[in-house]
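The structure under discussion appears below in the form of structure tokens.
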Amino acid sequence: HRSKKRNFVSMNMRLFLFFFLLPLSLFAQSGAERLTPLERSLEQRGLIDVRAAVPGVYVSLMYARPDNFVGRVLYTDLHHAYLLPETARALRKAQNALQQKHPDYALKVYDATRPMRIQQRMWNVVAHTSKNIYVSNPAHGGGLHNYGLAVDLTLCWARDVRDRAGRLLHAAGDTTGLSMGTPIDYLGPAAHVRDEARWLRRGVLRPEHVRLRRVLREAMSAGGFRVLPTEWWHFNFKTRAQARAHYTPIP
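Residue numbers for the sequence shown, in the working numbering: 13 to 263.
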């Protein structure tokens, strides 16, 4: 009787494992299959998905949409934001610092690792214009996005915001009501960090715009990032010299 009971339990356990673990393995396989060849290549290089590494972060890749300075979709095969592990850890510190001081806010990533071939297409758009100061020239090694060492981002609402009647004012991940004075990816002086006081005096920026920019910079600084002076949304984790000496760009 004990032998039959053991066999019965053993058979039930095998059936349980089969029907429980099989869907999980199929789900994992389907997730891997959903990755594009570029995304698989990035993961093979050791880069990691930002959403998997930074709890509570939001992602909306602006170059996977046409509403960017180029005016067309550039990321046809990149749908996830990737960073080097050390950059992602730093971003997690920044997100934690933001949440501790401003729990209503979260970080929203608009760009992270950018292949050099996409960098070239961007450069081609601005190469012979006054806007070329905003795009790194691939012929000179590109920029820190090309190494997984930079991120473009803004603030968003960490959770749904409702009024006293329960009506939705702002959805989680939304940026309405959190304007920085210019759209992200705006190539112009009003986006420059060093000129904020001047634009504030002239009425181009409002005090709330500057306050929110400072909240973002403070959080990112806590993670070890430095803002790019010409773009309030762009933060570097290393210098160009460090990147070229110790890291390899993404082709």
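Even glycine gets a Cβ: it sits at the ideal position worked out from N, Cα and C.
Sequence-distant partners of residue 50 (beyond 5 residues in either direction) whose C-beta falls short of 8 Å from its own C-beta, in its chain, are 89, 90, 127. DSSP, read as helix, strand or coil, puts residue 66 in coil. Excluding five sequence positions before and after residue 231, the CB atoms of its chain that fall closer than 6 Å to its own CB belong to 106, 109, 110, given in chain order. If the five residues before and after residue 182 are omitted, its C-beta is found closer than 8 Å to the C-beta atoms of 169, 172, 173, 188, 189, all from its own chain and listed in chain order. In this structure, 96 is the residue among 129, 96, 149 with its C-alpha nearest to the C-alpha of residue 54. In this structure, DSSP gives residue 182 an extended state, which the three-state scheme calls strand.
Per the coordinates, the alpha-carbon of residue 218 lies some 27 Å from the alpha-carbon of residue 176. The Cβ atoms of residue 57 and residue 86 lie no closer than 8 Å to each other. Within the stretch 122-210, the runs of beta strand (DSSP E) at least 3 residues long that lie entirely inside it are, in chain order, 162-169, 180-182.
Here the alpha carbons of residue 250 and residue 262 stand approximately 16 Å from one another. For residue 103, no beta strand (DSSP E) segment is defined; the enclosing uninterrupted segment is the alpha helix (DSSP H) at 97-113. Under the DSSP definition of a beta bridge, residue 248 partners with 162, 238.
With distances taken between CA atoms, residue 228 lies nearest to 192 out of 257, 192, 140, 210. Assignment of beta-bridge partners to residue 117 by DSSP yields 169. In this structure, 246 is the residue among 78, 67, 246 with its C-alpha nearest to the C-alpha of residue 155. Under the criterion of beta carbons closer than 8 Å, residue 159 and residue 124 do not qualify as touching, at roughly 11 Å. The alpha-carbon of residue 212 is positioned some 9 Å away from that of residue 221. In the DSSP assignment, residue 49 falls within the unbroken alpha helix (DSSP H) covering 49-56. Cβ atoms of residue 244 and residue 223 stay farther apart than 8 Å, at about 12 Å. If the five residues before and after residue 239 are omitted, its C-beta is found closer than 6 Å to the C-beta atoms of 205, 229, 247, all from its own chain and listed in chain order.
As computed with DSSP, residue 71 is found in a beta bridge with 121.
Contact annotation: residue 62 and residue 102 have beta-carbon atoms that are not nearer than 8 Å. Non-local C-beta neighbours of residue 138 in its own chain, meaning closer than 6 Å and more than five positions away in sequence, comprise 144, 147, ordered along the chain.
In this structure, residue 70 lies near residue 185, with their beta-carbon atoms less than 8 Å apart.
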